[in-house]
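First residue of the sequence shown: 13, per my numbering; consecutive thereafter. Have a look at the structure below, then the notes.
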Amino acid sequence: VSTDTEHVKVDNAWAATGMRSSESVTLRFTGAAVLGPLGYAGLMEGPNKRHWSTLSFTAIFLGIAESLLDDLVRASSAMLQKVECVDLHLTLQACRGLIQRCVAEERDVVDDRYLALVRDCKLFVSRSLAERAAAAVNVQGGAVYRFSSPVSRKFRDLMAGPLLRPPVGAAFEKIWDELAARMA
């Protein structure tokens, strides 16, 4: 969904890591254009397709990173800042492609292989964007480090991604078990 400021209103302060134990903020997308998959036929009355919530949640981090990149490009002037912005852009492209692959491969009946792909997608996207954002923000200076800075807020939101369902520790343990089982 388009995230331009004309169509998005945040009703209260955003605390990404607070989402786990408290209510999330209310976002209103009034008249915002749909840019990609938003749901699927039979979403409400059909079988549980929790993987769609995982993919939708993963796509949120793409939007945050895209907005962060826009802010960084406007603020960057030194070569190292530009290099880090380009790296973040390239990581966004790879992450977008992985989400699109997951959407394209979804079938009416999902199997364990597909659910593992969705899990891996969320893990890769959230970790990769957090890592690239950390590198890009690290080479900035001055006002971006203020707690109230939009760059700082978006960066903190991206850092929360790997912590949220499935948390990185649990996902890594499951993936390791799957890798080890292939060697047995």
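Heads up, the beta-carbon is just placed ideally off N, CA and C, and yes, glycines get one too. Bear in mind the structure is a predicted one, so any value in this text is a computation, not a measurement.
Limits of the alpha helix (DSSP H) - the one that residue i falls within
i, result
"G75", "R62 to A87"
"T246", "Since the first residue of the chain shown is 13 and the last is 196, residue 246 is not available in this structure."
"G173", "Looking at the DSSP string, G173 is not in any alpha helix (DSSP H), and its letter there is neither H nor E."
"A183", "V180 to M195"
Contact test: residue i Cβ vs the ligand MG heavy atom, cutoff 7 angstroms
i, result
"C114", "Absence of the ligand MG from the depicted structure is noted, as is the absence of any ligand whatsoever, leaving it without description."
Whole-angstrom distance between residue j and residue i, CA atom to CA atom
i, j, result
"F167", "L80", "7 angstroms"
"H101", "A147", "12 angstroms"
"L141", "L176", "14 angstroms"
"V95", "R40", "34 angstroms"
"A71", "G109", "11 angstroms"
"V156", "A193", "45 angstroms"
"S88", "D123", "45 angstroms"
"A106", "A196", "32 angstroms"
"E35", "D120", "With a pLDDT of only 46 at E35, under the threshold of 50, the placement of this residue in the model should not be trusted; the figure read from the coordinates follows. The straight-line gap from Cα to Cα measures roughly 32 angstroms."
"M91", "M171", "25 angstroms"
"C114", "S138", "15 angstroms"
"V13", "L74", "11 angstroms"
"I76", "D169", "8 angstroms"
"W188", "F69", "24 angstroms"
Collapsed DSSP secondary structure at residue i in the structure displayed
i, result
"R40", "strand"
"V9", "It is not possible to answer for residue 9, since the shown part of the chain is limited to 13 through 196."
"V121", "coil"
"V163", "helix"
"V156", "helix"
"V137", "helix"
"V20", "strand"
"V130", "helix"
"A142", "helix"
"S34", "Unreliable positioning characterises S34 in this predicted model, as indicated by a pLDDT of 40, which lies under 50. The coordinate reading is nonetheless provided below. Reduced to three states, the DSSP call for S34 is coil."
Classification of residue i by the beta-carbon crowding that lies within 10 angstroms, buried from 16 upward
i, result
"L191", "exposed"
"L127", "exposed"
"G48", "exposed"
"G153", "exposed"
"G43", "exposed"
"R165", "buried"
"Q112", "exposed"
"G8", "For residue 8 there is no data in the structure shown, the boundaries of the chain being 13 and 196."
"T66", "buried"
"R62", "exposed"
"P174", "buried"
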